[in-house]
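Report on one structure; see the data block that follows.
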């Protein structure tokens, strides 16, 4: 009987606010997402706490953390609202009219490869959607998604925790880049020549043990890394006029194919291909705007 009385006291808008609060874990972000004022969201949270007889979200070290009851409610509520939206039909979500800010985490590789076409698509089809891009290590990006600080992360994530969903965007492989003059007319380097050269590594400081190093170690070799950079964007230009070799994800070199000073070639040893994916928290699954953005990312990635 208590449940029926609780249900009578709740209008659907309150449940929409609760669903957004549990996903965002932040009053101002929930307000922006729902196009409400912050006081209106705070007032809704107060009413929800009263109706459920539970704090729902507890403030801990400046962040809102869901209570045990809220964690229990979240998946059921998201699924119920998804079904309601389905019944109401597609008229409930219109990308052209959506006003929303999303936070995406990706490396500068992701920014260079996926972002140009994604931004064109957003400006054309959903001009009210704003993006804020952040960069961090793989582990940090997954943590941002887990904590609700990021809506979506793009990258290479071999190990994902529970409650994180993933979709492969494309399969990527490695390629090498070297100065044409330094190759003395050869189109590539064999393994011996590759190992004799100094190398440029693009990695964040906690990611120096890369796929390239692991692949070399598997065949009993180590290369000398003479230069380490945190961003690959400037790396190809720095190769010009040097004896350095850069080994990076192939799509990162797309704009340098026509550079007469540089040569792109296959690595002289086997490095496994890797899936480039987008990841999100399962609690975002039922949000139509989030789903639209994920589909937009997937579509532009497939056309690369």
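In the numbering used here, the protein residues as written are 2 to 305. Even glycine gets a Cβ: it sits at the ideal position worked out from N, Cα and C.
Just to confirm, are residue i and residue j a CB contact at a threshold of 8 Å?
{"i": "residue 153", "j": "residue 34", "result": "no"}
{"i": "residue 56", "j": "residue 68", "result": "yes"}
{"i": "residue 168", "j": "residue 279", "result": "yes"}
{"i": "residue 289", "j": "residue 164", "result": "no"}
{"i": "residue 100", "j": "residue 297", "result": "no"}
{"i": "residue 190", "j": "residue 179", "result": "yes"}
{"i": "residue 249", "j": "residue 203", "result": "yes"}
{"i": "residue 237", "j": "residue 230", "result": "no"}
{"i": "residue 116", "j": "residue 299", "result": "no"}
{"i": "residue 106", "j": "residue 142", "result": "yes"}
{"i": "residue 82", "j": "residue 172", "result": "no"}
{"i": "residue 88", "j": "residue 253", "result": "no"}
Use the C-beta contact count for residue i: other C-beta atoms within 10 angstroms, 16 or more gives buried, fewer gives exposed.
{"i": "residue 2", "result": "Note that residue 2 scores a pLDDT of 37, beneath 50, so its modelled location is shaky; the value from the coordinates is reported in the next line. So residue 2 ends up on the exposed side."}
{"i": "residue 1", "result": "Nothing about residue 1 can be read from this structure; the chain reaches only from 2 to 305."}
{"i": "residue 20", "result": "buried"}
{"i": "residue 5", "result": "Residue placement at residue 5 cannot be trusted, given a pLDDT of 43 that sits under 50; what the coordinates show is reported in the next sentence. Per the 10 Å Cβ criterion, exposed."}
{"i": "residue 304", "result": "exposed"}
{"i": "residue 291", "result": "buried"}
{"i": "residue 240", "result": "buried"}
{"i": "residue 162", "result": "exposed"}
{"i": "residue 51", "result": "exposed"}
For the alpha helix (DSSP H) that contains residue i, what are its first and last residues?
{"i": "residue 293", "result": "289 to 303"}
{"i": "residue 48", "result": "39 to 53"}
{"i": "residue 236", "result": "236 to 240"}
{"i": "residue 28", "result": "28 to 35"}
{"i": "residue 60", "result": "It is not in any alpha helix (DSSP H) - residue 60 instead sits in the beta strand (DSSP E) that spans 58 to 61."}
{"i": "residue 218", "result": "212 to 219"}
Between which two residues does the beta strand (DSSP E) harbouring residue i extend?
{"i": "residue 187", "result": "First-last for residue 187: undefined, no H or E at that position."}
{"i": "residue 22", "result": "Premise fails: residue 22 lies in the alpha helix (DSSP H), 13 to 25, not in any beta strand (DSSP E)."}
{"i": "residue 223", "result": "Segment: none, residue 223 is in no beta strand (DSSP E) and carries neither H nor E."}
{"i": "residue 198", "result": "Here residue 198 belongs to no beta strand (DSSP E), and DSSP marks it neither H nor E."}
{"i": "residue 181", "result": "That residue, residue 181, is in no beta strand (DSSP E); it is neither H nor E in DSSP."}
- Going along the chain, which unbroken runs of the beta strand (DSSP E) with 3 or more residues stay wholly within the stretch 80 to 116? Runs of the beta strand (DSSP E) inside the stretch 80 to 116: 101 to 106.
- Scan the stretch 109 to 179 and note each continuous alpha helix (DSSP H) run of 4 residues or more that stays entirely inside, going in chain order. Entirely contained in the stretch 109 to 179, the alpha helix (DSSP H) runs reaching 4 residues are, in chain order, 109 to 114, 116 to 126, 139 to 147.
- Query: Per the contact definition of three or more C-beta pairs closer than 8 Å, is the stretch 137 to 153 in contact with the stretch 180 to 197?
  - Reply: In this structure the stretch 180 to 197 does not touch the stretch 137 to 153; the number of beta carbon pairs closer than 8 Å is below three.
- Three or more C-beta pairs closer than 8 Å, one from the stretch 264 to 276 and one from the stretch 210 to 223: is that the case here? Short answer: they touch.
- Touch test, the stretch 103 to 116 against the stretch 58 to 75, Cβ-Cβ under 8 Å, three pairs minimum: Touching, no, given that fewer than three Cβ pairs across the two stretches are closer than 8 Å.
- Task: Could you say if the stretch 157 to 176 and the stretch 275 to 289 meet the contact criterion of at least three C-beta pairs nearer than 8 Å?
- Result: Result yes; three or more Cβ-Cβ pairs closer than 8 Å.
- Task: At 4 residues or longer, and completely inside the stretch 229 to 287: list those alpha helix (DSSP H) runs for me, N to C.
- Result: If we require 4 residues or more, the alpha helix (DSSP H) runs fully inside the stretch 229 to 287 come out as 236 to 240.
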